[in-house]
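Everything below concerns the one structure shown next.
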Ligand SMILES: Nc1ncnc2c1ncn2[C@@H]1O[C@H](COP(=O)(O)OP(=O)(O)O)[C@@H](O)[C@H]1O
Ligand SMILES: [Mg+2]
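Written as structure tokens, this is what we have:
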């Protein structure tokens, strides 16, 4: 596994990791570098404070003994106590200030990383969204801040090293054997924490899918979209049971890890305590020989305890840094995901996408990580301005075909040519600016009615007249008057004063959104699926008049609405099996005619 190669003591020497480190530092330094510098300095000062305190304590204890022996005035001890108090207050103040600044930096970091991830997500090719690996990657980086926590652990590592050095200075001045004690303490601690860090990272990575599954099952219980079915089919217990299983599998693994961690920490801490006591006995022995004052003995024993703690901190921070580096790696892997091709080669001089002809040549497509070809070697031509209908049974590939034509799926075999320019060489942005679409799974935006229509073209002002014009094309001219806040009424159910629409009304809002944009090419995927027959008839009548000069693709199950189409494409299991006008296909007496008869029979 990848993580194994990264989670080693020598990881820093791998070239790949060095590059990662450089990128991380660059990113971190981009976010509030001034604050970061202040924060760092503020942290340094308090980290040498404890060793100063130790010196002072030794001095105070020896001074008290002298006072008791009448060699000094009491006031001199009080002076020293006041200095000690001053140092303490200073260090508290610096700590508080540093905390505050660090919070500020962390907020900015959180914002920056989430912004990067948010922008990146919208540039990833649509195909990625069809794969569970994508959701794994998103889940792993969605706790955005984690990727930059490496900076904090590096920070802590440096300060704990400074603290360590200052204690070490006190102790080594006393005796060289202290080095031995340090090694005895450090080796097992390093091993313990390294192992814990590795296990915990592995568990997080391994559980990504399992936790998503548990969360999904829980979502089924509480979402509005599922609430009706959950009640009607009495699914509460069924989902609770499934969720319970998933929850406890994850929880048990986490608990097991915690058990290992606690045990290892206990063992390690005990070992450290024993080492300390042995050394203290050694000190006591020296003191009994009159080679140490009481103050010195106290100072050394405190310094020893503190240095043990700081060795532990160094190791904890070192392993945490290593662990965080793995999250940072995930973050950069996400940032490095391939983006949609952004070639600008084909931005036309005449600013037109489709003036003559759209040609599809030998188009084949399969979804990523799937073997089955969903579209097989499809070829046809369409003249600008033609009305095209696509028909075929469920799963024939109709929606996939229009997504390929729109350039939403880029990993296609074959070519899609707009006026002779291959879509692969065209700028997706340009193609999209010139097209409008209502997808089968259109979005119900929980925004105002005005925005629901107006975001069809964010460059155009969403004024009352334009929005109402688009609404009237999709047969919703009366809706505005019925809503409490007219165009500004929030739709859906998420927010206060919202107004929920019927699914048919939502679909017409989606159509209005498509019409709000001045497009050359309009694609409607089963646009009337949720409409009543009268609305549907009215819609098609209206649609033909507004789309007169535009090229349109309509996917429809109602073959009656295809009669006037200039071309009908009949798809079956990914193949284009018939193409022609209604009359031509009827006289062919093939698949289309069969479907048409079957439908007209059901209407009689
Ligand atoms: N995201 C996807 N991942 C894998 N296969 C898919 C995906 N979406 C659709 N398919 C498959 O592609 C085929 C065509 O689907 P689609 O184009 O939606 O059909 P239609 O619109 O004609 O009903 C179906 O067999 C379906 O199983
Ligand atoms: Mg479809």
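Residue numbers (our numbering): 3 to 606.
Backbone N, C-alpha and C define an ideal beta-carbon position, used for all residues, glycine too.
- In the DSSP secondary-structure assignment, residue 438 is bridged to 524.
- A buried status is given to residue 173, since no fewer than 16 other beta-carbon atoms sit within 10 Å of its beta-carbon.
- Excluding sequence positions up to five before and after residue 68, its CB lies within less than 7 Å of the CB of 74, all in the same chain and listed in chain order.
- Proximity of the beta carbon of residue 455 to ligand 1 is not indicated: no heavy atom of the ligand is located closer than 6 Å.
- Counting the other Cβ atoms within 10 Å of the Cβ of residue 459 gives 16 or more, which makes it buried.
- Under the three-pair Cβ rule at 8 Å, the region 217–231 does not count as touching the region 323–343.
- With respect to the C-alpha of residue 406, the residue from 439, 387 and 385 having the closest C-alpha is 439.
- Excluding the 5 residues flanking it on each side, residue 104 has same chain C-beta neighbours closer than 8 Å at 41 and 154, in chain order.
- The alpha-carbon of residue 77 is positioned some 10 Å away from that of residue 83.
- Annotated three-state conformation of residue 120 is helix, per DSSP.
- For residue 397, the distance from the CB to the nearest heavy atom of ligand 1 is below 6 Å.
- Checking the DSSP bridge columns, you'll see residue 573 partnered with 578.
- Exclusion of the five residues before and after residue 88 leaves no residue of its chain whose Cβ lies closer than 8 Å to its Cβ.
- Annotation for residue 546: the continuous alpha helix (DSSP H) segment containing it runs 535–548.
- Beyond the five residues adjoining it in sequence on each side, residue 110 comes within less than 7 Å, by CB distance, of 33 and 34 in the same chain, given in chain order.
- Of the candidates 233, 353 and 188, 188 places its Cα closest to the Cα of residue 313.
- Assignment of alpha helix (DSSP H) within the region 60–144, counting only whole runs of 4 or more residues, yields 76–123 and 134–144 in chain order.
- Not one heavy atom of ligand 1 is found less than 6 Å from the C-beta of residue 135.
- Ligand 1 has a heavy atom closer than 6 Å to the beta-carbon of residue 369.
- Assignment of residue 362 by DSSP, reduced to helix, strand and coil, places it in the strand class.
- Fewer than three beta-carbon pairs drawn from the region 365–382 and the region 544–554 are found closer than 8 Å, and the two stretches are therefore not classed as touching.
- When the beta-carbon positions are compared, residue 355 and residue 522 come within less than 7 Å of each other.
- Where residue 195 is concerned, the enclosing alpha helix (DSSP H) starts and stops at 180–224.
- 212 is the residue among 212, 292 and 265 whose C-alpha sits nearest the C-alpha of residue 254.
- With respect to the 7 Å criterion, residue 326 and residue 151 are classified as neighbours on the basis of their beta carbons.
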